[in-house]
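For reference, the structure discussed in these notes is given below.
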Amino acid sequence: MGSLQKYYKQSATYKIFSGIFIEFANFLDTLGKITLNGIEVLKCILKWQIDKKELFDQCYRFGITSLPITLSIVGMTSIIVASQVALEMVKQGGGNFVGLLMTMLIVREVGVIMSGFAIISMIGSSLASEIATMRVTEQIDAIEVLKVNPIRYLFVPRVLSGILMMPPVVIIAAVVGVIAGAVTSNLTSGLGYRAFFDSAWLGIYMKDLGVCLLKSVFFGGTIALISCSSGYYASGGAKGVGEATNKAVVWSFVAIVIWDMIFAIAFFF
Amino acid sequence: MSIEVKNLIKTFDEKRIIDDISFKVNNGETLAIVGFSGSGKSTVLKLICGLLTPDSGEIITSKGDIAMVFQYSALFDSLNVEDNIAFALHERKELRKKYTEKEIKKIVAEKLELVGLKGIEKKFPSELSGGMQKRVSFARAIVTEPNSILYDEPTSGLDPISSTLIEDYIVRLKEETHAASVVVTHQMSTITRTADRVIMLYQGKVVFEGTPEDMLKQDNEYTKQFVTASLDGPMKIISDN
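So the sequences go chain by chain: A and B.
Under our numbering, think of the first position of the first sequence as 5, with each following residue one higher.
Under our numbering, think of the first position of the second sequence as 1300, with each following residue one higher.
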């Protein structure tokens, strides 16, 4: 019986299923830790345990330093889309709807999701590596020994800055995206700016704007929370820092796509 | 009594790292914990200061703060020396209420003077040598006036003169603060110059307890091997298998 068990443990079936089980257990473990950290952050915010100076610094980092890359990505995505649809729509007699289509696309999806991706690559990765480095160099242990709550000190300003700064970043990115779409449409199809912006206004609904802002709040908070959590549980030196950064990026990407799907089903299904 | 450890057990991945150890450290006394790498010395410190939770056993400490000086200083690299030392005073609500900003600056200056580093408040940790970083971490540790101070390999990686300086500060801090101190170390000079008592760990158990002089007598097989740095003896280098 013992040798049978030994052979069974060496079998591919056992290895595949045990591997899947371990991965699933790790997934649940990470999800649980992120959720608990989120609850702790929320508690601190509700108790107004906020370091205002640190919050201001993180808002600057989240909002200002991320702007060039965010605006570039949203602007370029808009150029890519407009250069492919504007001429075709004008040819088919739908030139009056190019502005409407571009605005709706940017406000509902491109602006917020592309900004999210830009923020993950620019800010999320740096948050994760910063906190992971603090973990592996025992700086977080030092915070705990000094009886300071590391969630309050490290997470709260970062998560709150994500919540506060993502909406203005998305609004600016959306404006840049619409302008880039108008310029591209004009250059590729000769569509006048007046014609573009006349229909552009028709593509903006209050509901769309509200959902866009709500999504950006959720995206900003989620990216910061996942990135901080990934760094917080890092271990094992430089390799651990790399793994934490990788985890932050992958988890944040998946999380914002899931949020996006939830919002799409909840508001537009 | 300031620190009392009773029947402490800690297991990682089914491997018992700390196996039923007990000891006491009184106020104004320094206990050195020695042993091979991987013998569980640093784990004991992390258990005492609450970074780890024991599987079983009891840790009783006097009311008040426990400070820890980390092996690699663990200074906050984004903060300057002043903000590092004043970290607890700025971030802990009860201490923030207790001191004005002017008083905090004064306390920081006093602590820096105590560790012989007057006037470096505005420098960042990356601008300091290893020995200076260690002394700043001493200053940060004592800023809350702790009842107990834990030192995790305070002289490892330092040159002999810096080591002597650090050892002198450990003795001086004990005299000034009258705190119970626990020093985890490999270095004989640190043991003989700072410790009042020594315990030696091997495979998570206490295999020797006595004074540094007792340790040097070499009438215990374990301490004899440790002091002579011999490969022959009851202690074997532990492999993962």
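We put the CB at the ideal spot given by N, CA and C, even for glycine.
query                                                                                                                                                               : result
List the residues of chain A whose Cβ lies closer than 9 Å to the Cβ of Tyr1371 of chain B, in chain order.                                                         : Thr141, Glu142
Report the residues of the stretch 142 to 162 of chain A with a CB closer than 7 Å to any CB of chain B, ordered along the chain.                                   : Glu142, Gln143, Asp145, Ala146, Glu148, Val149, Leu150, Lys151, Val152, Tyr157
Can the beta-carbon of Glu1420 of chain B be found less than 7 Å from the beta-carbon of Glu1381 of chain B?                                                        : yes
Buried or exposed for Asn1383 of chain B, please, with buried defined as at least 16 other CB atoms from any protein chain shown within 10 angstroms of its CB.     : buried
Would Ile1498 of chain B pass as a contact of Phe1335 of chain B if the rule is Cβ separation under 7 Å?                                                            : no
Check for me: the alpha helix (DSSP H) holding Gly166 of chain A runs from which residue to which?                                                                  : 160 to 193
Out of curiosity, what's the CA-to-CA distance linking Gln143 of chain A and Ser125 of chain A?                                                                     : 24 Å
On the criterion of 16 or more Cβ atoms from any shown chain inside 10 Å, does Gly235 of chain A qualify as buried, or is it exposed?                               : buried
Does DSSP classify Met1534 of chain B as helix, strand or coil?                                                                                                     : coil
Using a Cβ-Cβ cutoff of 9 Å, what residues of the stretch 1344 to 1369 of chain B are near chain A? List them in chain order.                                       : Lys1345, Cys1348, Gly1349, Leu1350, Asp1364, Ile1365, Ala1366, Met1367, Phe1369
Go through its chain and collect everything with a Cβ distance to Ala132 of chain A's Cβ below 6 Å, but skip five positions before and after it.                    : Ser231, Ser234, Gly235, Ala248, Thr249, Ala252
What residues in the stretch 1388 to 1413 of chain B bring their beta carbon closer than 8 Å to a beta carbon of chain A?                                           : Glu1390, Arg1391
Return the chain-ordered ranges of every alpha helix (DSSP H) run that is complete within the stretch 1376 to 1416 of chain B and spans a minimum of 4 residues.    : 1380 to 1384, 1386 to 1390, 1392 to 1397, 1400 to 1413
For Phe282 of chain A and Lys219 of chain A, which I take to be in contact (beta-carbon distance under 8 Å), what is that distance rounded to the nearest angstrom? : No information on residue 282 of chain A is available, as it lies outside the stretch 5 to 273 that chain A covers here.
At the 7 Å Cβ level, is Phe1375 of chain B part of the contact set with chain E, yes or no?                                                                         : No chain E appears in the structure shown, which is made up of the protein chains A and B.
Per DSSP, Thr1360 of chain B forms a beta bridge with which residues?                                                                                               : B:Ile1302
Identify which residue in A:Leu75, A:Ser15, A:Trp52 has its Cα closest to the Cα of Ala184 of chain A.                                                              : A:Leu75
State the Cα-Cα distance for the pair Asn100 of chain A and Leu109 of chain A, rounded to the nearest angstrom.                                                     : 15 Å
Note down the Cα distance separating Leu1500 of chain B from Thr69 of chain A, rounded to an integer number of angstroms.                                           : 51 Å
Residues in its own chain within less than 6 Å of Glu1475 of chain B by CB, not counting five upstream and five downstream?                                         : none
The alpha helix (DSSP H) that contains Glu1475 of chain B, what's its start and end?                                                                                : 1459 to 1476
As a quick exercise: from B:Val1368, B:Gly1327, B:Pro1511, B:Ala1331, pick the residue whose alpha carbon is nearest that of Ile1361 of chain B.                    : Going by the sequence as given, residue 1361 of chain B is Ser instead of Ile. Taking only the C-alpha atoms, the option nearest Ser1361 of chain B is B:Gly1327.
Hey, could you find the ends of the alpha helix (DSSP H) Ile145 of chain A is sitting in?                                                                           : Reading the sequence as shown, one finds Asp at residue 145 of chain A and not Ile. Here the alpha helix (DSSP H) through Asp145 of chain A covers 143 to 149.
Would you tell me roughly how many angstroms separate the C-alpha atoms of Pro1533 of chain B and Thr137 of chain A, rounded to the nearest one?                    : 38 Å
Report the residue from B:Leu1515, B:Ala1494, B:Lys1504 whose alpha carbon sits nearest the alpha carbon of Ser1338 of chain B.                                     : B:Lys1504
What do you get for Asp1467 of chain B, buried or exposed, if any count of 16 or more other CB atoms within 10 angstroms of its CB means buried?                    : exposed
How many whole angstroms separate the CB atoms of Thr1342 of chain B and Ile1317 of chain B, which I take to be in contact at a CB cut-off of 8 Å?                  : 6 Å
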